[in-house]
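Below you'll find the structure, written out as structure tokens, and then a few comments.
There are 6 protein chains.
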Amino acid sequence: MSSTDRQSLKPLVYLTRIEKFCSAHRLNSRALDVQTNSQTYGKCNAVHGHNYTAEITLKGTVDAITGMVLDIAVLNEIIAQTVMKSLDHKNIDEDVPYFRDNDIVSTAENISVYIWKVIAERLPPNVTLDSIKLHETDKNVFVFRGEYA
Amino acid sequence: MSSTDRQSLKPLVYLTRIEKFCSAHRLNSRALDVQTNSQTYGKCNAVHGHNYTAEITLKGTVDAITGMVLDIAVLNEIIAQTVMKSLDHKNIDEDVPYFRDNDIVSTAENISVYIWKVIAERLPPNVTLDSIKLHETDKNVFVFRGEYA
Amino acid sequence: MSSTDRQSLKPLVYLTRIEKFCSAHRLNSRALDVQTNSQTYGKCNAVHGHNYTAEITLKGTVDAITGMVLDIAVLNEIIAQTVMKSLDHKNIDEDVPYFRDNDIVSTAENISVYIWKVIAERLPPNVTLDSIKLHETDKNVFVFRGEYA
Amino acid sequence: MSSTDRQSLKPLVYLTRIEKFCSAHRLNSRALDVQTNSQTYGKCNAVHGHNYTAEITLKGTVDAITGMVLDIAVLNEIIAQTVMKSLDHKNIDEDVPYFRDNDIVSTAENISVYIWKVIAERLPPNVTLDSIKLHETDKNVFVFRGEYA
Amino acid sequence: MSSTDRQSLKPLVYLTRIEKFCSAHRLNSRALDVQTNSQTYGKCNAVHGHNYTAEITLKGTVDAITGMVLDIAVLNEIIAQTVMKSLDHKNIDEDVPYFRDNDIVSTAENISVYIWKVIAERLPPNVTLDSIKLHETDKNVFVFRGEYA
Amino acid sequence: MSSTDRQSLKPLVYLTRIEKFCSAHRLNSRALDVQTNSQTYGKCNAVHGHNYTAEITLKGTVDAITGMVLDIAVLNEIIAQTVMKSLDHKNIDEDVPYFRDNDIVSTAENISVYIWKVIAERLPPNVTLDSIKLHETDKNVFVFRGEYA
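Protein chains in written order, with full-length UniProt numbering: chain X, 1 to 149; chain P, 1 to 149; chain B, 1 to 149; chain W, 1 to 149; chain H, 1 to 149; chain A, 1 to 149.
The following block contains the structure:
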């Protein structure tokens, strides 16, 4: 890219907002019997809970006048209306229709995919969802980038 | 204290072990009606959960030969057999007899007092329990020092 | 204290709420000349800013029915109306009357005392202010406990 | 790649140095009127400040003898002479010519691009700048990878 | 990819496990003389130590029934038998054959490559090693993604 | 204390500076035989290392003009000349005369006492050393307040 081209382009920046939510859940699949559930999920087969930390990353070009990819208040409102409203201070398995009605086990992998879906469908057109990073504990972290294989 | 006296004494050191446990709970008192519970506890009246961080602090003199207040493996085993065994990956309100059978609301205040009680009764004689510090979230922290008023 | 006495008493618990605010300031005393200000405060004599972290700690007895020292929503509202309203996203030296009108240098020591004063006068009667802990950076931390000497 | 090829190549490692700086700024565009600035930037339109955390990531191959991508003291000196010297304990809008003289709003997006530019032009030839990650607060994080669109 | 295709595919998720180990080491190359070692490595030429934090990231598709990429207990056991067993509470230069017997300097770059190698050869077939991120201190972080150049 | 008295007094503030140092050590007492050392100290009997975090807390009154307890640059210089110079990037058992020459085991308890001693004897007269808090790992923390028993 020539220096001239670069000046007519805008920098592409990744913007991350980090929010925490406090939820109860258990890992238990209706497709498995009691013993297999216990073997598969160990202590996570019992009802317990977490302070989840979600890192929601968008990418977009920096507006030449405002200097912003997106007004972060817009992203906050989207996260509040989707992630926080449905997951914070809830029992994920019983209170969130996506998990309860579809027999989806509330693993961190599946919660990451859920967050991707509810955020992606509400984003304004000039930004793209890049990744969802979910810390279930300080030691277990999960990332979904919208990829399927 | 004279310099001579000080040399015959041993340094008093406070030793803290930090452990995390993942539990579900809700704040709900059987002494209150549904509406009052909802008003008193807000969103915490619903079943949810936390990664709790407990800081358990002992005090004792430093052994002149080993240089230790207490072998930390001893403290770890006490915490494992009490705090971790009863609270980690549990629903506090349903799985812990202290809360379930005595109608004690599982506030962080009461969990701190519970941890004090189960640790204090198992400590070896040469150390004293100093405090229990419980982080319910990154923003809400509680300390119990065994004081009553 | 006998076991009987203890049962009629209530546990005393320290409750800490942690909030962050983002402010600009400079260290500069009108009682000192330009050169002395520069020597006294070094690089902090220039206008700069911080993400301050304030730990506000109350103490009180645990209510036998609710299990709480204080509804944390009450404390949050007090912090919002005092600390956050006056300091967050402000230039402390120009926007906060306590510092501006009294020629008080906005050191972390003085900000800690300021936070103590605005919180203490609004607390409900059943709790006591224990300490203000202010992190100016990750390496510089200040505590005020309402003591004078 | 065959095992033989791999042995003749060197591992490519990403090296990150993390530094913090304390600055004042406000979000205000000279291209917008007072009311639009207030609507666009909200509370950030007032002078305030942050402890910024910058993660500067280089990539390069590991030297077979020293085992290093780059002597980290070299990177530290580059960061000190560029990022720290121009931004730490400064009012970005008034003290940094890049922002002041070009009417560039000091958003975290634009600060990330600025850090990229000042670091990239001083790197030794055997390493490449990979990304600038800037934490404005614990909840708002920005990454620039030198991409334009 | 059509919506139909996507439904027949499974989400690809990156799973990270974070572990810490406490090791002694020094940076010193047998290929360099005493003076050059001192100049190259500075204070790191002396025996010292770190609490290293390793982030081990795998990628794989989410199992439709269990909702997991991999039972994290399996990954934990692999990390325990490789990383923790060989590095934790060890002097890397003297106790780890990879470094001691091959004259490999125990830089964070080389430790990252070592961790990649010992983890990669023991992973189950349905997951892939994505990256090793090694924090030597809070300010110095290294990533190896299995790339050679 | 009357309001009049309070105005003639100055606020007492606790000032903490947090520094990190990277050291090697092992726990081994010359007063114990090989087997007892192994039993007493477990894995810590082998040479390993840590990123230690030291929190050094002073107390003093806030100067009415400068607004400071102590110029933090003075405290930094004291820490640099004592704690950092003797412990950072060192093997504590071999490089620090206090431990090496007096057969003092380099437990975190004893390192806390050592830091207290080297800091206390160099403080200016208007401040008092309050405590040394030493984090050996994220889970093991030690405090010495100058008390003996």
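The beta carbon of each residue, even a glycine, is placed where N, CA and C say it ideally should be.
Residue 100(W) sits in a helix when the DSSP states are folded into three classes.
Boundaries around residue 140(H) are those of the beta strand (DSSP E), 140-148, since no alpha helix (DSSP H) includes it.
From the beta-carbon of residue 138(P), the residues of chain B found nearer than 9 angstroms are 18. Judged by DSSP secondary structure, residue 137(P) falls outside any beta strand (DSSP E); it is assigned neither H nor E. Taking a Cβ-Cβ threshold of 8 angstroms, the residues of chain X close to residue 23(P) are 48 and 49, in chain order. The beta-carbon of residue 146(W) is placed no less than 7 angstroms from the nearest beta-carbon of chain H. When 68(W), 51(W) and 38(W) are compared, the shortest CA-CA separation from residue 140(W) is found for 51(W). Counting C-beta atoms within 10 angstroms of its own C-beta, residue 73(P) has fewer than 16 neighbours from the protein chains shown and is therefore classed as exposed.
Taking 7 angstroms as the threshold, the shortest C-beta distance from residue 12(X) to chain W falls below it.
Burial state of residue 77(H) is exposed, judged by a 10 Å Cβ sphere holding fewer than 16 other Cβ atoms. Following the DSSP letters along the chain, one finds residue 12(X) inside the beta strand (DSSP E) bounded by residues 11-25.
Its Cα nearest to that of residue 16(B), the residue 134(B) stands out among 148(B), 134(B) and 138(B). With respect to chain P, the C-beta atom of residue 8(A) has no partner C-beta closer than 7 angstroms. Measuring C-alpha to C-alpha distances from residue 44(W) to each of 79(B), 145(B), 90(B) and 144(B) identifies 90(B) as the nearest. Distance from residue 12(H) to residue 57(H) at the Cβ level is roughly 13 angstroms; contact not present, criterion being Cβ atoms closer than 8 angstroms. Distance from the CA of residue 144(W) to the CA of residue 117(W), rounded to the nearest whole angstrom, comes to 11 angstroms. The secondary-structure analysis by DSSP pairs residue 54(B) across a beta bridge with 19(B) and 134(B). Contact check for residue 108(B) against residue 136(B) passes: the beta carbons are separated by less than 7 angstroms. Taking a C-beta cut-off of 8 angstroms against chain W, the contacting residues of the segment 98-115 of chain H are 104, 105, 106, 107, 109, 110, 112 and 113, listed in chain order. Neighbourhood of residue 60(P) in chain B, by CB distance below 7 angstroms: empty, with the nearest CB roughly 22 angstroms away.
Pairing residue 67(H) with residue 80(W), the inter-Cα distance amounts to about 47 angstroms.
Scanning its chain for C-beta atoms nearer than 8 angstroms, with the 5 sequence neighbours on each side dropped, one finds around residue 31(X) the residues 103, in chain order. If you look at residue 93(P), you'll find it in the alpha helix (DSSP H) that goes 92-95. The beta-carbon separation of residue 92(X) and residue 53(X), rounded to 15 angstroms, does not stay under the 8 angstroms limit for a contact. Collapsing the DSSP output to three states places residue 49(P) in a strand. Residue 60(W) sits in a strand when the DSSP states are folded into three classes.
Around residue 110(X), the same chain offers 99 and 104 as residues with beta carbons nearer than 8 angstroms, after the five sequence neighbours per side are excluded. Nearest to residue 131(W) by C-alpha distance, out of 112(W), 138(W), 124(W) and 121(W), is 112(W). Near chain W, meaning a CB-to-CB distance below 8 angstroms, the residues of the segment 63-90 of chain X are 65, 66, 67, 68, 69, 71, 72 and 73. Where residue 32(A) is concerned, there is no enclosing alpha helix (DSSP H), because DSSP gives it neither an H nor an E. By the criterion of a C-beta distance shorter than 7 angstroms, residue 84(A) is surrounded in its chain by 19 and 21, once the five residues flanking it on both sides are discounted. Around the C-beta of residue 36(W), fewer than 16 other C-beta atoms lie within 10 Å, and the residue is accordingly described as exposed.
Annotation for residue 70(W): 15, 58, 60, 124, 126 and 127 place their beta carbon closer than 8 angstroms to its own, counting only its chain and skipping 5 residues before and after. Secondary structure at residue 128(W): strand, using DSSP grouped into helix, strand and coil. Interface annotation, residue 29(B): in contact with chain A, CB-CB separation under 7 angstroms. In the structure shown, the three-state DSSP call for residue 68(B) is coil.
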